[in-house]
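Numbered according to the numbering used here, the sequence shown spans residues 1 to 190.
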Amino acid sequence: MNILVTSKLSKGNHIAMAKIEANYFEHELIADYETTIKWHDSNEDSCIIALDKDTGLIAGHMSFVPVDNYFYDLMLKGNFVDTQITSEHIIQYKHPGIFKLYFCVVCVAPSYRGKNISRIILKEYARRFLELKERGIIFSDIVADAITEEGRRFCQNVLGMSFVGGSKHQSKIMHVGANIFYEKLKNNLL
Ligand SMILES: CC(C)(COP(=O)(O)OP(=O)(O)OC[C@H]1O[C@@H](n2cnc3c(N)ncnc32)[C@H](O)[C@@H]1OP(=O)(O)O)[C@@H](O)C(=O)NCCC(=O)NCCS
Numbered sequence: 001m002n003i004l005v006t007s008k009l010s011k012g013n014h015i016a017m018a019k020i021e022a023n024y025f026e027h028e029l030i031a032d033y034e035t036t037i038k039w040h041d042s043n044e045d046s047c048i049i050a051l052d053k054d055t056g057l058i059a060g061h062m063s064f065v066p067v068d069n070y071f072y073d074l075m076l077k078g079n080f081v082d083t084q085i086t087s088e089h090i091i092q093y094k095h096p097g098i099f100k101l102y103f104c105v106v107c108v109a110p111s112y113r114g115k116n117i118s119r120i121i122l123k124e125y126a127r128r129f130l131e132l133k134e135r136g137i138i139f140s141d142i143v144a145d146a147i148t149e150e151g152r153r154f155c156q157n158v159l160g161m162s163f164v165g166g167s168k169h170q171s172k173i174m175h176v177g178a179n180i181f182y183e184k185l186k187n188n189l190l
């Protein structure tokens with residue numbers, strides 16, 4: 001297995017991600033490829049894929065989207081399905097500042113499960129986020145909407161998130177603050 005980690009995504013990659021997600025999530029919880037292309041155009045670091053260079057297939061993908069307070073608060077309250085997020089709520093890393101992150105998805109294709117794919121992608125995020133921190137681009141809060149039990153475990157065990165409350169769509173809203181988050185990222189560089 002020869003894995004390339006990249007955030008340079010083609011339209012085909014966006015289509016493939018939605019198909020991988022269809023293995024696990026209800027249709028109404030999956031953003032279609034046109035939507036994820038718009039999100040990625042708004043912040044080109046927001047999604048990272050692990051591409052298997054031997055097969056050309058996406059092994060897995062992960063997405064952390066910096067969002068404005070309006071969207072962050074909606075997610076924290078559990079009242080909102082993220083497929084409705086529009087580009088105006090997505091922030092670009094142009095200037096130093098304190099931002100909020102929405103951990104949108106982690107998903108590994110069935111045949112690549114158990115091969116450390118999510119760990120490989122997170123390592124690249126850790127590298128990028130710690131580099132952004134050096135430039136004064138800092139995340140104060142991270143929120144996630146864990147729709148599966150594996151997702152909840154990942155949020156809790158890997159990112160240090162805590163359960164905040166249930167959502168209207170039966171998922172678990174998770175949160176972590178900056179201190180624990182950056183500590184976990186540093187551990188992931190090792
Ligand atoms: C969550 C998911 C992405 C992890 O996939 P993976 O990279 O194949 O992970 P592995 O099977 O190699 O991981 C084994 C364990 O190590 C954990 N792990 C992964 N990355 C890690 C890291 N960087 N540091 C420590 N532990 C890590 C995993 O959470 C998992 O723990 P668990 O057994 O308690 O669930 C995978 O289960 C998945 O795609 N599930 C379906 C989609 C899904 O439910 N996504 C979450 C939606 S909210």
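Glycine included, each C-beta is placed from N, C-alpha and C at the ideal position. Note that the structure is predicted; figures quoted are calculated from it, not measured.
*May I ask whether a heavy atom of ligand 1 can be found less than 7 angstroms away from the beta carbon of S167?*
Translated into positions along the sequence shown, residue 167 becomes position 167. For ligand 1, not one heavy atom lies less than 7 angstroms from the Cβ of S167.
*asked:* Shorter than 7 angstroms, the distance from the beta carbon of T148 to the closest heavy atom of ligand 1, or not?
replied: Your numbering for residue 148 matches position 148 in the sequence shown. For ligand 1, at least one heavy atom lies less than 7 angstroms from the Cβ of T148.
_On the DSSP bridge list, what partners appear for A16?_
On the sequence shown, position 16 is the one that residue 16 refers to. Answer is none; A16 lacks a bridge partner.
*For D82, is the classification buried or exposed, using 16 other Cβ atoms within 10 angstroms of its Cβ as the cut-off for buried?*
In the sequence shown, residue 82 corresponds to position 82, counting from 1. Counting C-beta atoms within 10 angstroms of its own C-beta, D82 has 16 or more neighbours from the protein chains shown and is therefore classed as buried.
*Which listed residue (V164, S111 and F64) has its alpha carbon closest to that of C104*: Sequence index remark: in the sequence shown, residue 104 carries index 104 (1-based). Among V164, S111 and F64, the Cα nearest to that of C104 belongs to F64.
_Boundaries (first-last residue) of the beta strand (DSSP E) holding H40_ = As a working mapping, residue 40 is identified with position 40 in the sequence shown. Here H40 belongs to no beta strand (DSSP E); instead the alpha helix (DSSP H) covers Y33 to S42.
*Taking C155 as the reference, which of N13, M174, L122 and S140 has the closest Cα?*
Your numbering for residue 155 matches position 155 in the sequence shown. If we check each option's Cα against that of C155, M174 comes out closest.
_Sequence-distant residues of the same chain with beta carbon closer than 6 angstroms to S42, five excluded per side_ = Residue mapping note: residue 42 aligns to position 42 of the sequence shown, counting from 1. Only S87 and I90 meet the Cβ criterion.
*What first and last residue would you give for the beta strand (DSSP E) that runs through G165?*
Within the sequence shown, residue 165 is the residue found at index 165, counting from 1. Where G165 is concerned, the enclosing beta strand (DSSP E) stretches over S162 to G166.
*Determine the burial state of H27: buried for a count of at least 16 other Cβ atoms within 10 Å of its Cβ, exposed for fewer.*
In the sequence shown, the residue the question calls residue 27 occupies position 27. With fewer than 16 other Cβ atoms inside 10 Å of its own Cβ, H27 counts as exposed.
*Find the nearest neighbour of G60 within the set L189, S162 and E21, judged by alpha-carbon distance.*
By 1-based counting over the sequence shown, the position of residue 60 is 60. G60 has its Cα closest to that of E21, out of L189, S162 and E21.
*Count the other CB atoms within 10 Å of the CB of N198; is the residue buried (16 or more) or exposed (fewer)?*
Because residue 198 is not part of the residues shown, which for the chain are 1 to 190, the question remains open.
*Could you check the C-alpha separation between Y33 and K11 for me, to the nearest Å?*
Translated into positions along the sequence shown, residue 33 becomes position 33. Translated into positions along the sequence shown, residue 11 becomes position 11. For Y33 and K11, the distance between alpha carbons rounds to 8 angstroms.
*asked:* Check whether chain B comes within 8 angstroms of I58, counting only Cβ atoms and requiring the distance to be less than that.
replied: The structure shown contains no chain B; it is built from a single protein chain.
*Buried or exposed: which applies to P96, given that a residue is buried once 16 or more other Cβ atoms fall within 10 Å of its Cβ?*
Taking the first residue of the sequence shown as 1, we reach residue 96 at position 96. Per the 10 Å Cβ criterion, exposed.
*What residues match up with G177 in a beta bridge as DSSP calls it?*
Counted from its first residue, the sequence shown places residue 177 at position 177. Paired residues: D141.
*To the nearest whole angstrom, what separates the beta carbons of D54 and N116, a pair I think is in contact under 8 angstroms?*
In the sequence shown, counting from the first residue as 1, residue 54 sits at position 54. In the sequence shown, counting from the first residue as 1, residue 116 sits at position 116. At roughly 16 angstroms, the Cβ-Cβ gap does not stay under 8 angstroms, so D54 and N116 are not in contact.
*Taking buried to mean at least 16 other C-beta atoms within 10 Å of its own C-beta, is D68 buried or exposed?*
Reading the sequence shown from its first residue, position 68 is the one you call residue 68. Per the 10 Å Cβ criterion, exposed.
*asked:* Tell me which residue opens and which closes the beta strand (DSSP E) that I98 is part of.
replied: Numbered from 1 along the sequence shown, position 98 holds the residue referred to as residue 98. Element bounds for I98: G97 to V108.
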